[in-house]
Amino acid sequence: MLEFSDALDNCGLTNMGFVGSRPDCATVLKTTWCGAVLLVPDKLLLAKEALRNWDEGCKKDCDEHISCLHMQLDALQHQIVLDSILSDMALIKVQFAEIERKEIYWAYRGRVNWLKHGYKNTSFFHRSHSQMR
62 MLEFSDALDN CGLTNMGFVG SRPDCATVLK TTWCGAVLLV PDKLLLAKEA LRNWDEGCKK
122 DCDEHISCLH MQLDALQHQI VLDSILSDMA LIKVQFAEIE RKEIYWAYRG RVNWLKHGYK
182 NTSFFHRSHS QMR
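So for the sequence shown, the working numbering puts the first residue at 62; every next one is plus one.
Given below as C-alpha cells:
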C-alpha cells in the first residue's frame, strides 16, 4: 500500500480516505494491489477493474434486494388486512427508507468529495464539469 501512497504523492493527488461500507471492498483492493508483481500504473489499472467489478456486484445485490422487497410488498398488499400483515408491510417500508437514506448519503458524500478535492486536479475538474453540462 506504500506504493499506492507514493503514486498519489507523485501525481499530486490527495488520498480522500475512502473506506468501503462492505467488508470485502478492502479485501478486493488489498488482494489486487499486493497480489501482482507489476509496475504501479499497471497495478492501478488492475485495482480499477477489480473495484469496478466489485461495484457492479454491489449494485446488482442492491437491485435484487429492492426487487425482492417490491415482490414481498405486492404479495402482502393482496392479502387480507391483518395486524401481522400490516406489521410486515411496515418493516418492508422501513427497509426501503434505509436503502434510500444510504443512497442519499453516498450521493452527498461523493458530491462533497468532488467539490473538496476535484479542483486540485484541474484537468479532472474541467473534464468532469464539462461532462455534467
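The beta-carbon is built from N, C-alpha and C at its ideal position, and this holds for glycine as well.
- For the options A136, L106, C86, the alpha carbon positioned closest to that of G118 is the one of C86.
- Within the region 87-171, complete alpha helix (DSSP H) segments of at least 4 residues are found at 101-138, given in chain order.
- Separation of A108 and N174 (C-alpha to C-alpha, rounded to the nearest whole angstrom) is 20 Å.
- A straight line joining the alpha-carbon of Q138 with that of V98 spans about 56 Å.
- Residue burial is scored here from C-beta neighbours: K104 has at least 16 other C-beta atoms within 10 angstroms and is therefore classed as buried.
- Buried is the label assigned to T93, since at least 16 other Cβ atoms lie within 10 Å of its Cβ.
- Ranked by Cα distance from N71, the first of L90, L147, V101, G96 is V101.
- Excluding five sequence positions before and after L130, the CB atoms of its chain that fall closer than 7 Å to its own CB belong to I153, Q156, F157, given in chain order.
- Within the model, the alpha-carbon separation for I146 versus M132 is close to 14 Å.
- Annotation: I165 to D67 spans about 33 Å, alpha carbon to alpha carbon.
- Shortest Cα-Cα distance from A151 to any of R188, G171, L134 involves L134.
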